[in-house]
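Counting with mature numbering (1 follows the signal peptide of the UniProt record, and there is no 0), you get residues -17 to -1, 1 to 240 for the letters of the sequence shown.
Okay, so here's the structure we're looking at.
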Amino acid sequence: MLLTLAWGSLFFPGLFALCTWTLRRSRPEWTNSDCLMISTRLVSSVQAVLATGSGIVIMRSCSDVVNGRHWLAREYVWFLIPYMIYDSYAMYLSEWYRTRDQDHGHSTTFRNFLSQNRLMIAHHAVILFVLVPVAQRLRGDLGDFFVGCIFTAELSTPFVSLGRILIHLKQQHTLLYKVNGILTLATFFSCRILLFPFMYWSYGQQQGLSLLQVPFNIPFFCNVANAFLIAPQIYWFCLLCRKAARLFDTPQAKKDG
C-alpha cells in the first residue's frame, strides 16, 4: 500500500513536470498556461489508459463476479489517490497561470476556480472520501469484478482531453475535432452509461436472474450507490450531446443564413 502510494505520488507530478518541460522546449510560442493545460490533459489521459487497462485485466480474471479476486482491484486504488490530489492542484495551477495577468490574488483565483470546476472537484472528493473507503474496506473481499468495471469508465477520458486541447488550440473546425467528438460520445455512453446495466446483467448471468430482476435481488444500498454514480454521468453526457449538436448544426445554420 505505502509503496503504491509513493509511486503514484512520484509518477503523476513527475510526468506532469516532464510534459510541461517538453512542451516549453518544443513549442516556445505557447504560453505557460497553454503548456500547463495541455500537460494536465496528457497526464489525465495516461491515468485513464492505466485505469482502463487495469479494469480489463481485473474483469477478465474474475470469472466469479462476486467472489473473484485480483490484486489490482485494491492496489490501483492506492495508485489513484495521489492522482486525484495531484490533478486538483494541477487544474488550479493552470487556472492561476491563465488569470495571473488580471491582477487577481490567490484567494480570488481560488474562489473562481472552485466556482468554475465545482462538479469536477465534487467528483474528485467523492472518489477520495466515498469510493476509496468502499473499495478498500467496506466491501470486504467481494466485488473485485465490479471495481474493474468502474475503472474502465475512464476509457472516454483521453477523447475528452483531446477535445479540450483542440478547443484550447482553436482547432474546432478540423476533421480531427469532429471525429474525436463522435468517439467521445461513443466511449462515454458505452463506458459510463451502459456500464451500469452491464454490471447488473453480469450479476444476473451468474445468479440466473434477468436484468430486470437483479435490482430486486441485491442489497438496496447497491442500487442507491449505482444511482448516485450514474446520475452525474448522465448529466455530463447530456452536456456532451448539446456540444455535439451545436458543432454539427453550425455549418447548416451558416448555410441557411
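Backbone N, C-alpha and C fix where the C-beta goes; we use that ideal spot for every residue, glycine too.
Best match in Gln30, Ser28, Val48 and His53 for proximity to Val40 [C-alpha to C-alpha] | With distances taken between Cα atoms, Val40 lies closest to His53.
Go through the region 160 to 195 residue by residue and report every complete run of the alpha helix (DSSP H) that reaches 4 residues or more, in order.
-> Look at the region 160 to 195 and you find these whole runs of alpha helix (DSSP H), each 4 residues long or longer: 178 to 190.
Touching or not, the region 134 to 150 and the region 172 to 179, by the rule of three or more beta carbon pairs under 8 Å?
-> Between the region 134 to 150 and the region 172 to 179, the count of C-beta pairs closer than 8 Å reaches three or more; the two stretches touch.
State the Cα-Cα distance for the pair Thr35 and Thr157, rounded to the nearest angstrom.
-> A direct Cα-Cα distance of roughly 28 Å separates Thr35 from Thr157.
Identify, in the order they occur along the chain, each residue of the same chain with its Cβ nearer than 7 Å to the Cβ of Leu76, setting aside the five sequence neighbours on each side.
-> Closer than 7 Å at the Cβ level, and outside the excluded window around Leu76, lie Leu19.
For Phe62, the nearest candidate out of Thr(-14), Gly38 and Leu6 (CA to CA) | When only C-alpha atoms are compared, the closest one is Thr(-14).
With DSSP as the reference, label Pro116 as helix, strand or coil.
-> Judged by DSSP in its simplified three-state form, Pro116 adopts helix.
Is Gly123 helix, strand or coil by DSSP?
-> Residue state, collapsed to three classes: coil.
Rounded separation between Phe199 and Thr170 - CA only | Distance between the alpha carbons of Phe199 and Thr170 is about 29 Å.
Just mark Ala73 as buried or exposed, buried being the case when its beta carbon has 16 or more other beta carbons within 10 Å.
-> The residue in question, Ala73, is buried, as its Cβ has 16 or more Cβ neighbours within 10 Å.
Could you work out which residue in Asn206, Gly146 and Tyr183 is closest to Leu223 when comparing CA atoms only?
-> Taking only the C-alpha atoms, the option nearest Leu223 is Gly146.
Would you check if the distance between the CB atom of Asn209 and the CB atom of Phe181 is smaller than 8 Å?
-> If you check the CB distance, Asn209 and Phe181 do not come in under 8 Å.
With burial defined as no fewer than 16 other Cβ atoms inside 10 Å of the residue's Cβ, what is the status of Cys221: buried or exposed?
-> Counting every other CB atom within 10 Å of its CB across the protein chains shown gives Cys221 a total below 16, marking it as exposed.
Helix, strand or coil: how does DSSP classify Leu25 here?
-> For Leu25, the secondary structure class from DSSP, reduced to helix, strand or coil, is helix.
Measure the alpha-carbon distance for Tyr59 versus Asp124 and round it to whole angstroms.
-> If you take the alpha carbons of Tyr59 and Asp124, they lie about 15 Å apart.
Using 10 angstroms around the beta-carbon of residue 241, count the other beta-carbons present and answer buried if the total reaches 16, otherwise exposed.
-> For residue 241 there is no data in the structure shown, the boundaries of the chain being -17 and 240.
Determine the DSSP secondary structure at Trp219, reduced to helix, strand or coil.
-> Trp219 falls in the helix class under three-state DSSP.
DSSP state of Met(-17) mapped onto helix, strand, coil = If DSSP states are grouped into helix, strand and coil, Met(-17) belongs with coil.
Can the beta-carbon of Ser144 be found less than 8 Å from the beta-carbon of Arg24?
-> Cβ distance < 8 Å, so Ser144 and Arg24 count as in contact.
Have a look at Val117, His107, Phe142 and Val162 and flag the residue whose alpha-carbon is nearest the alpha-carbon of Pro215.
-> For Pro215, the closest of Val117, His107, Phe142 and Val162 by C-alpha to C-alpha distance is His107.
Assigned secondary structure, Ile201 (DSSP; H/G/I helix, E/B strand, else coil) | Reduced to three states, the DSSP call for Ile201 is coil.
Asp239 - DSSP class collapsed to helix/strand/coil = Confidence at Asp239 is low in this model, with a pLDDT of 43, below 50, so the placement of that residue is unreliable and no value is reported for it.
If Tyr69 and Phe(-2) are in contact, beta carbons under 8 Å, what's the gap, nearest whole angstrom?
-> Right, their Cβ atoms sit about 7 Å apart.
What is the DSSP secondary structure of Arg52, counted as helix, strand or coil?
-> Here DSSP, grouped into helix, strand and coil, assigns Arg52 to coil.
Thr140: first and last residue of the uninterrupted alpha helix (DSSP H) it sits in = Start and end: Thr140 to His151.
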